[in-house]
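Here is the structure we will look at.
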Amino acid sequence: MKYTKVYLIVTIFVLGGCSFNLVEDDTKYYQLASALTKLSSAVEATVRYKKIPDGATSDKIVELSIAHDKSLLTPFSDYKIKIYVEARHAIVLVCNAAVTEAYLEDAGCSAELDRHHWKTEVIEPCAATLNLTQVCEK
14 MKYTKVYLIV TIFVLGGCSF NLVEDDTKYY QLASALTKLS SAVEATVRYK KIPDGATSDK
74 IVELSIAHDK SLLTPFSDYK IKIYVEARHA IVLVCNAAVT EAYLEDAGCS AELDRHHWKT
134 EVIEPCAATL NLTQVCEK
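When we follow my numbering, the leftmost residue of the sequence shown carries the number 14, and every step to the right adds one.
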């Protein structure tokens with residue numbers, strides 16, 4: 014009886030700790046998602062209405078896009094941002110620092126965040142998956 018209570022208490026703490034991490038991750042990624050919609054809007058405006066140098070890297074496009082408000086990049090200090098441009102529209106992809114796993118993906122032309130890669134059961138590679146023609150035509 015005495016050991017049963019100990020096992021029960023240990024089980025509760027282990028399971029409670031695991032679910033706390035999931036809630037913590039959810040909160041972190043939802044906060045990043047909110048920040049990403051602001052960043053992707055700035056990137057979309059830059060790509061759409063400004064002259065982007067030929068061969069501009071993701072870092073250069075982000076730099077041009079946040080020139081008016083550098084704080085847009087602050088929430089992403091631990092992540093790598095990749096930009097994909099097609100037909101004067103942009104996708105902003107948030108990946109881990111090693112650029113091996115995608116967490117969030119957003120087309121700047123849409124109001125809400127488009128993909129939560131972190132929610133999938135498999136690790137998503139750090140590559141754009143959105144079709145800008147379909148997403149931006151809505």
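Note that beta-carbon positions come from the ideal geometry of N, C-alpha and C, so glycine has one too.
Asked: Can you list, in chain order, the residues of its chain whose CB lies under 8 Å from that of Glu125, leaving out five sequence neighbours each side?; Found: Thr50
Asked: Tyr62 to Leu77, Cα distance in whole Å?; Found: 12 Å
Asked: Quick one: what does DSSP say Val107 is sitting in, helix, strand or coil?; Found: strand
Asked: According to DSSP, is Val36 part of a helix, a strand, or is it coil?; Found: Any answer about Val36 is weak, because its pLDDT of 49 lies below 50 and its placement is not dependable; what the coordinates show is given next. Three-state result, Val36: helix.
Asked: Between the alpha carbons of Ser71 and Ile96, how many angstroms are there, rounded?; Found: 5 Å
Asked: What's the C-alpha gap between Glu134 and Ala48?; Found: 24 Å
Asked: Taking DSSP as the reference, what is the three-state secondary structure of Asp119?; Found: strand
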